[in-house]
Amino acid sequence: MNQDQKQMEETEQEAAATPEAADGENAAAEDSRSREELLAEVDRLTQEVQDLQNRLLRTGADFDNFRKRARQEKEDLGKFGALRFVQEILPALDNFQLALAADTSDAESLKKGVEMVYRQLQSSLEKEGLKAIEAVGLPFDPNLHEAVMQVPSDEHASGTVVEELRKGYLMHERVIRPAMVKVAE
1 MNQDQKQMEE TEQEAAATPE AADGENAAAE DSRSREELLA EVDRLTQEVQ
51 DLQNRLLRTG ADFDNFRKRA RQEKEDLGKF GALRFVQEIL PALDNFQLAL
101 AADTSDAESL KKGVEMVYRQ LQSSLEKEGL KAIEAVGLPF DPNLHEAVMQ
151 VPSDEHASGT VVEELRKGYL MHERVIRPAM VKVAE
């Protein structure tokens with residue numbers, strides 16, 4: 001029986017060794033396949049990193065170009081922002097030159113010429129959003145009026161603007177210059 005037992009033990013050992021050997025071969029095959037897959041994954045990730053780095057560089061360059069373009073546009077706006085307005089008032093300037101060059105001793109025609117130029121200039125300024133502040137007969141408003149004196153008045157209520165000494169102006173609802181006024185006591 002010893003021999004039978006030895007044979008059984010050998011058979012059991014062979015059977016036990018066979019799965020291990022098979023597992024070892026499978027593991028080696030899996031390792032080689034896994035290694036190939038890992039190398040392929042590393043190559044793919046390396047390529048992806050390079051693509052992202054290139055994209056980052058292009059985006060950075062695009063942003064730098066945008067900043068330069070925006071700075072140039074801002075400079076141009078500063079230089080030429082008033083261009084349209086200047087073109088708008090040039091006819092008034094031309095009319096002033098014509099009035100000064102005219103050989104006239106007639107004060108009335110000179111006054112009419114100056115009034116025409118005034119209206120032309122006023123129209124150009126209104127197109128840009130300039131508006132005169134109403135003052136006389138209205139209650140004093142410190143946001144719109146600058147009171148330089150108070151005067152007694154029988155015909156106006158206290159705190160009412162009785163006279164405008166200098167026009168005030170708004171530009172797009174923002175006070176450019178308050179109206180200089182006299183206010184009733």
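All residue numbers for the sequence shown refer to full-length UniProt numbering, where the first residue is 1 and numbers rise by one.
Glycine residues also receive a C-beta, built at the ideal position from the N, C-alpha and C atoms.
Membership of lysine 131 in any alpha helix (DSSP H) is not indicated; the residue belongs instead to the beta strand (DSSP E) covering 130-132. Only residues of its own chain outside the window of five on either side were considered, and among them none has a CB closer than 6 Å to the CB of aspartate 106.
Leucine 90 carries a helical assignment under DSSP once its states are collapsed to helix, strand and coil. Across the set Glu164, Gly168, Ala99 and Ser153, the C-alpha of Gly168 shows the shortest separation from the C-alpha of asparagine 143. Taking all protein chains in view, the Cβ of histidine 172 is surrounded by fewer than 16 other Cβ atoms within 10 Å, so the residue is classified as exposed. Around the CB of alanine 135, 16 or more other CB atoms lie within 10 Å, so the residue is classed as buried. Taking 8 Å as the cut-off, the Cβ atoms of valine 148 and valine 161 do not count as close.
With contact defined as three or more Cβ pairs closer than 8 Å, the stretch 89-96 and the stretch 115-124 are in contact. Partner residues in a beta bridge of methionine 116, as assigned by DSSP, do not exist. The Cβ-Cβ distance between glycine 159 and proline 178 does not fall below 8 Å.
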